[in-house]
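Below is one structure, written out as structure tokens; the observations come after it.
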Amino acid sequence: MKFSETSKFYSLNKSTYVNLRWIAYIGQLSAILYVKFILKFNFSFVACILILFFSVLTNLYLRFKIRNNQLNNSITTVFLTYDILQLGLLFFLTGGITNPFIFIIIIPAVFSSQYLNMWSSITLVILIVLILIFLTFFYLELLHPGELHFHAPDYYFYAIPISVIIGLIFLVYFGVKFGQESRIRNQAYEKLQEIMSKENELLSLGGQAAAAAHSLGTPLSTILLTSKELQKEFGNNEKIKKDLDLIVSQSNRCSDILKRLSLNPNIDDGFIDTDLSLNDYVVEIVRSYKEISKKEFIINSKKYQNPIKTQKSLEIIYGLRNFIGNANKFSKKKVEIFLHSNKKETNIIIRDDGPGFPNDLIDKHRLGEPYIRTADEANISKYGLGLGTFIGKTLLEKNLAAISFDNSKETGGAEVNIIWKNNDLKQI
């Protein structure tokens, strides 16, 4: 399933839609009454009121009969289709394309472009275009009161539907694009929140594990002591001896595990619970990757002359770990990390010897956006969806960093440049 097409993101809050329809119907009723009784125009008043009455019934049905608070794509499309047909029928009875409110007919399609999938939006656009063409040639004239008459050349009347259609296409196109980008970004942010939540859970589990180790220490000591006493008493019985030896050995093993969990429980974690420089972050993250990776990691901090301590930050840890993890994943043999600092700024450069970033994404400045694909079909399997890059960029930018992406001129691999102004770094 494509991320941008997950069904739960194509939904609409029912109460919002119902309220918008009430506003529309009140506006339609006001316009009909004003034109009939104030301006004294002659048109199919009763038919218009009946259409409006039926529309009110559909909204009551939507409000009370459909139980879901979120309307799915299909239900919303059906009701928006009705809204377009209802407007088309009202305009047919009130002057067709000459009705000054004709542009209102595009609103359901523009609305759909934000909340429905592309095919639903295209269907509604086609329906509106067909209705506009029909209303250009077929409609009941809106008879003006007295001797008031409006005359215009034919090309003027043909230009009206054309202008409305052009506006419709542009508005729906941009609505679809912005809607898709918003849904994709919302998914990525949900993923980001899920990851950060898991990180916090892991930290809390560390404290819980130490507490559990402390609580289990006494009963385990009792088991171990009792087992040794039984060994002394039944040590000559070969049948029982093997089982007792197993109990003692496994008890000792459990004891060792509990000692590691509870070792100095009151001392803060040297990585998580103290203020750190960026070099400390990088060294600890690289150390964790060295345990599971066969790649060569090189940290060059010769030009890191002005280390600034920052408060512990899970966001910085996870942001840097995403970029270093990506470099480890896509590199062939080697990952290089350079730390530079001066009086004004501090920067980290993460470079690998892998395939590098897709040139088309660099040229379009799209790196850092979630769920993106390169246009290079031949090498598409070499690249991911950009979610890790998005998460890393978002977390570090939240902590006042500036991120840029390029391909290394030396290795040809990906190169990520992370820059902090020293004044900003001190505020973290």
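If you read the sequence shown in my numbering, its first letter stands for residue 204, the second for the next number, and so on. Note that CB positions come from ideal geometry on N, CA and C, so glycine has one too.
Here the region 329-342 makes no contact with the region 214-230; the two share fewer than three CB pairs at distances below 8 angstroms. Here arginine 554 is bridged, per DSSP, to Glu539, Glu618. Between the region 533-545 and the region 590-599 there are fewer than three inter-stretch CB-CB distances shorter than 8 angstroms, so the stretches are not counted as touching. Taking all protein chains in view, the Cβ of leucine 260 is surrounded by fewer than 16 other Cβ atoms within 10 Å, so the residue is classified as exposed.
Per the coordinates, the alpha-carbon of tyrosine 492 lies some 14 angstroms from the alpha-carbon of phenylalanine 533.
Using a Cβ-Cβ distance cut-off of 8 angstroms, the region 251-258 and the region 304-318 are not in contact, since fewer than three pairs of beta carbons, one from each stretch, lie closer than that value. Per the coordinates, the alpha-carbon of arginine 490 lies some 38 angstroms from the alpha-carbon of isoleucine 426. Each of Leu570, Phe526, Gln508, Glu618 was checked against the Cα of proline 558, and the nearest Cα belongs to Glu618.
CA-to-CA, the gap between lysine 497 and leucine 523 works out to about 20 angstroms.
Annotated as distal: glutamine 273 and leucine 343, with beta-carbon spacing of 8 angstroms or more.
For the pair of segments examined, the region 357-375 was found to touch the region 291-311: the number of CB pairs separated by less than 8 angstroms reaches three. DSSP places glutamate 344 outside both helix and strand once states are collapsed to three, so it counts as coil.
Within the same chain, Cβ atoms closer than 8 angstroms to the Cβ of serine 218 are found at Asn272, the five residues on either side in sequence being excluded. Shown here for leucine 447: same chain residues with a beta carbon closer than 8 angstroms to its own, the five before and five after excluded, namely Ser430, Leu433, Gln434, Phe437, Gly438 in chain order. Shown here, glutamate 548 sits in a strand according to DSSP, grouped into three states. The secondary-structure analysis by DSSP pairs tryptophan 623 across a beta bridge with Thr549. Within the same chain, and ignoring the five residues on either side of glutamate 572 in sequence, the residues whose Cβ sits closer than 7 angstroms to its Cβ are Gly589, Phe593. Note on glutamine 289: 16 or more other CB atoms within 10 angstroms of its CB, so buried under the neighbour-count rule. Threonine 339 sits away from isoleucine 278, with the two beta carbons spaced by 8 angstroms or more.
An exposed status is given to aspartate 357, since fewer than 16 other beta-carbon atoms sit within 10 Å of its beta-carbon. Within the same chain, and ignoring the five residues on either side of tyrosine 285 in sequence, the residues whose Cβ sits closer than 7 angstroms to its Cβ are Thr261.
Under DSSP, the beta-bridge partners assigned to aspartate 609 are Glu618. When the Cα atoms are used, valine 486 and asparagine 275 turn out to be separated by approximately 49 angstroms. In its chain, beyond the 5 residues on either side, Lys536, Lys537, Val538 have a beta carbon closer than 8 angstroms to the beta carbon of glutamate 499.
Out of Thr297, Arg266, Lys239, the CA that lies nearest to the CA of phenylalanine 282 is found in Arg266. Here the alpha carbon of phenylalanine 377 sits roughly 39 angstroms from the alpha carbon of glutamate 548. Taking the Cβ atoms as the reference, isoleucine 631 lies roughly 6 angstroms from glutamine 514, within the contact range of under 8 angstroms. Note: threonine 513 is bridge-paired with Leu479 in the DSSP secondary-structure output. In the same chain as asparagine 525, and ignoring 5 residues on each side of it, the C-beta atoms closer than 8 angstroms to its own belong to Gly591, Thr592, Ile594, Gly595, Leu598, in chain order. Residue state for isoleucine 631 is assigned as coil, using DSSP reduced to three classes. Note on geometry: alpha-carbon atoms of isoleucine 269 and phenylalanine 246 lie some 35 angstroms from one another. DSSP places asparagine 262 in the helix class (H, G or I) of the three-state scheme. Around the C-beta of isoleucine 336, fewer than 16 other C-beta atoms lie within 10 Å, and the residue is accordingly described as exposed. With 16 or more neighbouring CB atoms inside 10 Å of its own CB, proline 364 falls in the buried class. In the three-state DSSP reduction, asparagine 272 falls in the coil class, being neither helix nor strand.
Taking the Cα of asparagine 610 as reference, the smallest distance to any Cα among Lys444, Phe248, Ala530 is reached at Ala530.
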